[in-house]
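Engineer: One line per chain: the protein sequences are D and F, in this order.
For any residue, its number in the numbering used here is found by taking its place in the first sequence, counting from 1, and adding 1.
For any residue, its number in the numbering used here is found by taking its place in the second sequence, counting from 1, and adding 1302.
Just so it is clear, CB atoms sit at the ideal spot from N, CA and C, and this is done for glycine as well.
Encoded as structure tokens, here's the structure I'll be asking about.
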Amino acid sequence: MGIPLPVLFGQLLLGLINGAFYAVLSLGLALIFGLLNIINFAHGAQYMMGAFVAWLMLTMLGIGYWPALVIAPLVVGLFGIAVERTMLRRLAKLDPLYGLLLTFGLALVIEGLFRNFYGVSGQPYAVPSALQGGVNLGFMFLPIYRGFVVVASLAICLGSWLLIEKTKLGALLRAATENPSLVRAFGVNVPLMITATYGFGAALAGLAGVLAAPVYSVNPLMGSDIIIVVFAVVVIGGMGSILGSVLTGFGLGLVEGLTKVFYPQASSTIIFVIMAIVLLVKPAGLFGKAS
Amino acid sequence: MNRLLLWLIVLVVALAAPYLVYPVFLMKGLCFALFAVSFNLLLGYTGLLSFGHAAFFGMASYVVGHAMTRWGVTPEIGILAGTLVAGLMGLAFGFLAIRRQGIYFAMVTLALAQMVHFFCLQAPFTHGEDGIQAIPRGRLLGMLPLDEPHTLYYFVLAVFAGGCWVVWRAVHSPFGQVLRAIRENEPRATSLGYRTQHFKLAAFTLSASLAGLAGATKAIVFQLASLTDVHWHTSGEVVLMTLLGGMGTALGPIAGAFVVVAIENTLAELGAWVTIIQGAIFVLVVLLFRRGLVGEALEWLRLRAARPSPQGK
């Protein structure tokens, strides 16, 4: 095809990184959807908040990347808990569309506030010193930080999978997803679990934001740019299984990277085209159960 | 008799309005009101939340811009072409979207509209970030010059009234009854023998066409078709207008559209604050008054009428 290998692998790596963010974000969306039955439109805004908290901590307080990797998701998670307690809880018995509308409104407010104070031009966030530079793999040059993002995302996905599939807490969570009132009858505090799940989902989004900060610049619009693609990823994969979300996320990232090499004009639309095809062929999604 | 009087008052106010209020504001309000009315046909009467209606609104305005700037067609042909293209897009998108329900439906329509946005960003005829500017307004039917503000206003008013009439007829017909049955209980409508998928697709296509009509008219009023019109933010705005006014009511979307447009006009210099306020309104409406302004007013009137009067009779 006359495409130099380093270019091909470079784009594939970028695709893998995008895919890592799709995977972590759709994982969080699926978790929240499972228990709260709503689509968290504010997920993109929470991802952006994670990146901004890290950036603010660095510029205002001089706190570096590694502490931010822990603190920023905590901050975003606490914010999520407050949102669930004060607002989402009131919508529990209503049509799930109201949850979508409320979180959409929240996303507008959060994005607008950050845009008002920091403008729309991106703020750079330096790669932490331990992960600077790169290694020459022979066929391509691998910036260490990008490799780290892929590995870290895989670890996050694996950790969440273990938590949900292999622990007692995870078993309760799955049971509450199936039948909340029955689990409540067994003496489990389901409302607390719902709050914790929303907080955990928001924290995951925040963590993804911190990981993303050195790769892309920190920008108030970064969340809404990615969340719509993640919605398409979720429609393609279905929200039935964690493994499914992760595979779909990484897979679509790679497809996007390949498209950038072979037909760049379509790189921003390819995922939506795939979504349309999946809807025609397998409406429930690749890993979804037919409703 | 009372009804006739009410309509007379509405007619007089609508005809006199451009002499009292800034006509461009009124026309913007009317275009967005028609947009919201078309959207309400889906959300309010069929129970389908489309988060991608900007695609139809915006694409129709591009079609008008291109047809009138490049091919020099008259406004009515341009608007017809825009409406037709939006309708065909609605047919295609609806065909895909109705394969999923509820929340997935919203995500699918949002994603498809985002695809349109990226397409418009790259396609040569939309002129990318610049948009199509200085669209000539032309002469209606080759005779009436639309550059005259009052002529333009009455033309927009007629388009708006026509669009509303179509929605009114659709809602108050056996077809509309079936749509409401689908909204209330789709499996039951299916079990009664209705092909709900056909009805949903028809409603989606009709709604998309009318959203296109609104976008096409807007392009002539503002002489501009730009990426803003196909952005997801515009899709969110029409949801806000319908929700704020009251979904499933005839007047709600119109009231909601005028309120939102008025807020935008008043706060235009404040930039990002418009978005913040719109987001806050979303949150407040969902938490506090889900029936919307008109819906809550109707409910209040209903309760008042139901209450026994203090005098006994």
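#1: Of all the CB atoms in chain D, is at least one closer than 9 angstroms to the CB of P1577 (chain F)?
#2: Do you know whose CA, among D:Y48, D:V84, D:G113 and D:V219, lies nearest G1581 (chain F)'s CA?
#3: For T270 (chain D), go through chain F and note every residue whose CB falls closer than 7 angstroms to its CB, in chain order.
#4: Would you verify that the beta carbon of Q133 (chain D) is, or is not, closer than 9 angstroms to some beta carbon of chain F?
#5: Using a Cβ-Cβ cut-off of 9 angstroms, state whether W1467 (chain F) counts as contacting chain D.
#6: Taking Cβ-Cβ distances shorter than 9 angstroms, what residues in chain F pair up with P170 (chain D)?
#7: If we ignore side chains and look at the alpha-carbon of each, how far apart do S292 (chain D) and A285 (chain D) end up?
#8: Cβ atoms of G250 (chain D) and G241 (chain D): under 9 angstroms apart, would you say?
#9: Using a cut-off of 8 angstroms between C-beta atoms, extract the partners of M1 (chain D) located in chain F.
#10: Pick helix, strand or coil for P144 (chain D), following the three-state DSSP scheme.
#11: Distance, Cα to Cα, S1363 (chain F) vs A197 (chain D)?
#12: Using a Cβ-Cβ distance under 9 angstroms, would V1540 (chain F) count as near chain D?
#13: How do the stretch 1356–1374 of chain F and the stretch 246–260 of chain D stand: do at least 3 beta-carbon pairs fall below 8 angstroms, yes or no?
#14: On the three-pair Cβ rule with 8 angstroms, is the stretch 1563–1577 of chain F touching the stretch 1324–1334 of chain F?
#15: Residues in the same chain with beta-carbon distance under 6 angstroms from A204 (chain D), minus the five sequence neighbours each way, listed in chain order, please.
#16: In the DSSP assignment, the alpha helix (DSSP H) including G1354 (chain F) goes from what residue to what residue?
#17: Alpha carbon to alpha carbon, how far is V211 (chain D) from L164 (chain D)? Give it in angstroms, no decimals.
#18: For a cutoff of 9 angstroms on Cβ pairs, would you count G1392 (chain F) as touching chain D?
#19: For the candidate residues F:A1319, F:L1351, F:H1355 and F:V1315, whose alpha-carbon lies nearest to that of A1516 (chain F)?
#20: Is there a C-beta anywhere in chain D that falls below 9 angstroms from the one on N1304 (chain F)?
#21: Taking buried to mean at least 16 other C-beta atoms within 10 Å of its own C-beta, is S130 (chain D) buried or exposed?
#22: Span of the alpha helix (DSSP H) holding G1581 (chain F)?
#23: Let me see if you follow: with CB-CB separation under 9 angstroms, is Q1499 (chain F) close to chain D or not?
#24: Determine which residues of the stretch 241–273 of chain D have a Cβ less than 7 angstroms from any Cβ of chain F, and write them out in chain order.
#25: Look up L1481 (chain F) in the DSSP assignment and say whether it is helix, strand or coil.
#26: Quick check on M88 (chain D) - is its C-beta less than 9 angstroms from some C-beta in chain F?
#27: At least one CB of chain F closer than 9 angstroms to the CB of S225 (chain D): is that the case?
#28: Along the chain, which unbroken stretches of the alpha helix (DSSP H) at least 4 residues long are found entirely within the stretch 132–205 of chain D?
#29: May I ask you to report which of helix, strand or coil DSSP gives R1439 (chain F)?
#30: Of the choices F:G1380, F:F1591 and F:L1545, whose alpha-carbon is the least far from that of L1443 (chain F)?
#31: Apply the 10 Å Cβ neighbour rule to V1314 (chain F) and answer buried if 16 or more other Cβ atoms are within range, or exposed otherwise.
#32: Quick check on the DSSP output: the alpha helix (DSSP H) that includes S1509 (chain F) runs from which residue to which?
#33: Using three-state DSSP, classify L1446 (chain F) as helix, strand or coil.
#34: First and last residue of the alpha helix (DSSP H) that includes T1568 (chain F)?
#35: What residues in the stretch 1563–1594 of chain F bring their beta carbon closer than 9 angstroms to a beta carbon of chain D?
Structural biologist: Quick look at the numbers:
#1: For clarity, residue 1577 (chain F) is Thr in the given sequence; the question names Pro instead. Yes, its Cβ sits closer than 9 angstroms to a Cβ of chain D.
#2: Per the C-alpha coordinates, the member of D:Y48, D:V84, D:G113 and D:V219 positioned closest to G1581 (chain F) is D:G113.
#3: Chain F residues near T270 (chain D): M1417, F1420 and F1421.
#4: So no, Q133 (chain D) is outside the interface.
#5: No, W1467 (chain F) does not count as interfacial toward chain D.
#6: For the sequence presented, residue 170 (chain D) should be read as Leu rather than Pro. Result: empty, since nearest Cβ-Cβ is about 26 angstroms, beyond 9 angstroms.
#7: Residue placement at S292 (chain D) is poorly supported in this model, since its pLDDT is 48, which falls under 50; the coordinates still yield a value, given next. Using only the alpha carbons, I get a separation of about 7 angstroms.
#8: In this structure, G250 (chain D) does not lie closer than 9 angstroms to G241 (chain D) by Cβ.
#9: Lying outside 2 to 292, the shown extent of chain D, residue 1 (chain D) is not represented and no answer is given.
#10: DSSP, reduced to helix, strand and coil, places P144 (chain D) within a strand of the structure shown.
#11: The straight-line gap from Cα to Cα measures roughly 46 angstroms.
#12: Not closer than 9 angstroms to any Cβ of chain D, the Cβ of V1540 (chain F) fails to qualify, so no.
#13: Too few Cβ pairs lie closer than 8 angstroms, so no.
#14: Output reads yes: the stretch 1324–1334 of chain F touches the stretch 1563–1577 of chain F.
#15: Closer than 6 angstroms at the Cβ level, and outside the excluded window around A204 (chain D), lie P74, V77 and G78.
#16: Counting along the chain, no alpha helix (DSSP H) covers G1354 (chain F), and no H or E run does either.
#17: The alpha-carbon separation between L164 (chain D) and V211 (chain D) amounts to approximately 22 angstroms.
#18: Judged by the 9 angstroms Cβ criterion, G1392 (chain F) is not in contact with chain D.
#19: For the residues F:A1319, F:L1351, F:H1355 and F:V1315, the minimum Cα distance to A1516 (chain F) belongs to F:H1355.
#20: Not closer than 9 angstroms to any Cβ of chain D, the Cβ of N1304 (chain F) fails to qualify, so no.
#21: Counting the other Cβ atoms within 10 Å of the Cβ of S130 (chain D) gives fewer than 16, which makes it exposed.
#22: Counting along the chain, the alpha helix (DSSP H) containing G1581 (chain F) begins and ends at A1574 to L1590.
#23: Taking 9 angstroms as the threshold, the shortest C-beta distance from Q1499 (chain F) to chain D does not fall below it.
#24: Listed by position, the residues of the stretch 241–273 of chain D near chain F (Cβ gap below 7 angstroms) are Q266, S269, T270 and F273.
#25: Looking at L1481 (chain F) - three-state DSSP - the assignment turns out to be helix.
#26: It does; some Cβ of chain F falls within 9 angstroms.
#27: Closer than 9 angstroms: yes.
#28: Every unbroken stretch of the alpha helix (DSSP H) spanning 4 or more residues and falling wholly within the stretch 132–205 of chain D is given here in chain order: 145–167, 169–179 and 181–186.
#29: The answer is coil: DSSP assigns R1439 (chain F) none of H, G, I, E or B.
#30: Check the Cα spacing between L1443 (chain F) and each of F:G1380, F:F1591 and F:L1545: the tightest is with F:G1380.
#31: By the neighbour-count rule (16 or more Cβ atoms within 10 Å), V1314 (chain F) is not buried but exposed.
#32: Bounds of the alpha helix (DSSP H) holding S1509 (chain F) are T1498 to F1524.
#33: The three-state reading of DSSP puts L1446 (chain F) in strand, counting E and B together.
#34: Per DSSP, T1568 (chain F) belongs to the alpha helix (DSSP H) from G1554 to L1569.
#35: So the list reads L1572, G1573, A1574, W1575, V1576, T1577, I1578, I1579, Q1580, G1581, A1582, I1583, F1584, V1585, L1586, V1587, V1588, L1589 and R1592, given in the order they occur along the chain.
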